[in-house]
Amino acid sequence: MKRKGYLDVLRLVWPLALGMANNAIMQFTDRVFLARESTASLEAILPASILAFLFIGFFQSVVAYSGTFVAQYHGAGDRRGCARSLRAGLVLSLASGIILALFIPLGRLVCDLSGHSPDVLTREKTYYTIVMAGSFFTCASIVVQGYFTGIGRTWTIFWMNVAGNAFNILMDCILIFGCGPVPALGIAGAAIATVAAQALQFFLLLWLARPVLMRDAAVPEDGRLAVYGQLLWRIVRFGIPAGVYSVLNILSFTVFVFLTGRVGDTAFAVSNAVFTVNYLLYAPIEGFAIGAGTLVGQCQGAGDPEGAMHAGHRTMLIAEIYILVASLSALVFYRPILNLFVADAAVLDQASFLSLGFVLFVLMLAWQCFDCADVVLSGALKGAGDTRFVMLWMLACAFGFWIPLLFLTYWICPSMPALWSTMIAYVVVICCGTVFRWRHGPWRSIRLV
């Protein structure tokens, strides 16, 4: 396979980064709308969405690993292997959607234990329930996106994201505030719009992939069960550690979010607003991570580990340049950005909101570059099949280091800047280990296909 230069990396990765940025803009818009609807909805949206993704993230990461197999089969020149990986991922998505529906009562119980105010609690449970009920579309759309990413058609993913997210924003306007005969549904309307947009993206991408599924995914009748059984097992075998990694990541962050919710309503609203901006900046990094995994997977499938190393390094460098420019720009314009979230002057003191927001923006900038390197190289390691390491390293760093530090800090100094400062220490530690593994680990010898 031809060695990937910077332009080759940009051609594949940039549409993914733009697509993730588009998703972040959609979520940013959701939360600005909800801030205009009520402060309680702004407080509820982050913990509710994090809790939903805590459950969905595991299954989503497992089924998404079918896209890594697509990339490796594509690198190996096996077109039928790509199509069979797509079909296997859709089967796993259907099973995942059924299982996730069973987790709705458990998540509602977790909300009850959060200690949040009754108004916020009711909205959290409403949003969580609706998103979990539509989790099949979340998983299945990721699978189809993984197929097109694996074969290098990343602009297809971008345009489908644009269509789905534009539909989401339109539905937000109608369902959150009401329009004509449609009543104002508040946070429930935001959740319905999110699920509807994911469903639209899934059906659009499935329609584009339909000829491939019909033409290339079939195998001889006498070998059908054996071929798909082996493929499903391999996706699950390598995907489960990736899923556990996702759960550990989200679980640790969920603990952080629910703990910060005890500091005070105004501080919690500021924290949620800044994290919304943080995700807007951070989301393209997820696209770079997916791109790094895809490029590494293609090179590994072609038997070119050195090419995989070069692709991972170049993707990380491009991502670092982006996040540095984006974070500095957000810090410069923090005041007009935060003013978007100050909707109810009777509830929130604007001066206090902006003052705390500036401090949190500075802390966010401090960890972004380390977080960027860790996320991109973790994606590269997963693309190579080294999913067990990323799972175990996340477990050690998040629950062996960060969470104990977080509770100790809350006990000694229960302020929002102090709690946010623990994030910097955590990200630096996990980044150093990931970089070392990428440079010296045994991932070069792993073969998925």
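Okay, so the sequence shown: first residue is 25 according to my numbering, each after it adds one.
From the three backbone atoms N, C-alpha and C, an ideal C-beta is built for every residue, glycine too.
For V287, does the three-state DSSP call read helix, strand or coil?
coil
Closest to T433 by C-alpha separation, out of G424, L341, L416 and T446, would be which residue?
T446
According to DSSP, simplified to helix, strand and coil, what is L114?
helix
Would you report the Cα separation of D328 and M415, rounded to the nearest angstrom?
Cα to Cα, the separation comes out at about 25 Å.
With the cut-off set at 8 Å, would you say V294 and L430 are in Cβ contact?
no
Nearest to G81 by alpha carbon, out of V279, L272 and G321?
L272
For V371, I'd like the list of residues in its chain whose CB is within less than 6 Å of its CB, leaving aside the five on either flank, ordered along the chain.
Residue placement at V371 is poorly supported in this model, since its pLDDT is 46, which falls under 50; the coordinates are not used for a value here.
Taking 8 Å as the threshold (C-beta atoms), are F385 and L355 in contact?
yes
Look up V371 in the DSSP assignment and say whether it is helix, strand or coil.
No answer about V371 holds up, because its pLDDT of 46 lies below 50 and its placement is not dependable.
When you compare each of R258, R35 and C396 to R108 by their alpha carbons, which one comes out closest?
The option with the nearest alpha carbon to R108 is R258.
Just mark N185 as buried or exposed, buried being the case when its beta carbon has 16 or more other beta carbons within 10 Å.
Around the CB of N185, 16 or more other CB atoms lie within 10 Å, so the residue is classed as buried.
For my contact list, V33 and L319 are in at a C-beta cut-off of 8 Å; report their separation, rounded to the angstrom.
About 7 Å; that satisfies the 8 Å criterion.
In this structure, does DSSP put V383 in helix, strand or coil?
In this structure, DSSP gives V383 a helical state, which the three-state scheme calls helix.
If you run the structure through DSSP and keep just helix, strand and coil, what is V206?
strand
From G188 to W179, what does the alpha carbon distance come to, in whole angstroms?
Their Cα atoms are separated by approximately 14 Å.
Look at the Cβ atom of V86, then the Cβ atom of I264, and state whether they are nearer than 8 Å.
yes
Is the region 226-235 close to the region 33-44, with three or more CB pairs under 8 Å?
With contact defined as three or more Cβ pairs closer than 8 Å, the region 226-235 and the region 33-44 are not in contact.
If you run the structure through DSSP and keep just helix, strand and coil, what is L36?
helix
According to DSSP, simplified to helix, strand and coil, what is C437?
coil
Taking all protein chains shown into account, do 16 or more other C-beta atoms lie within 10 angstroms of the C-beta of E330, making it buried, or fewer, making it exposed?
exposed
Would you please state the rounded distance, in angstroms, between the beta carbons of I470 and G424? I believe it to be under 8 Å.
Not confirmed; about 25 Å, so no contact.
Return the first residue and the last residue of the alpha helix (DSSP H) that A190 is part of.
T178 to F201
State the CB to CB distance for the pair C135 and L66, rounded to an integer number of angstroms; the pair is presumed to be in contact (CB under 8 Å).
Not quite, the Cβ-Cβ distance comes to about 16 Å (not below 8 Å), so this is no contact.
According to the Cβ coordinates, are T339 and V399 closer than 8 Å?
no
What residue does the alpha helix (DSSP H) around R132 start on, and which one ends it?
I128 to D136
Give the DSSP-derived three-state secondary structure of V298 in the structure shown.
helix
Thinking just about the alpha-carbon of each residue, which of V155, R147 and D102 is nearest to the one in F127?
For the set V155, R147 and D102, the Cα lying nearest the Cα of F127 is the one of V155.
Helix, strand or coil: which one does DSSP assign to I470?
Residue state, collapsed to three classes: coil.
I'd like to know whether the C-beta atoms of V219 and L70 end up nearer to each other than 8 Å.
no
Out of V459, K406, V452 and H334, which has the shortest C-alpha to C-alpha gap to L31?
H334
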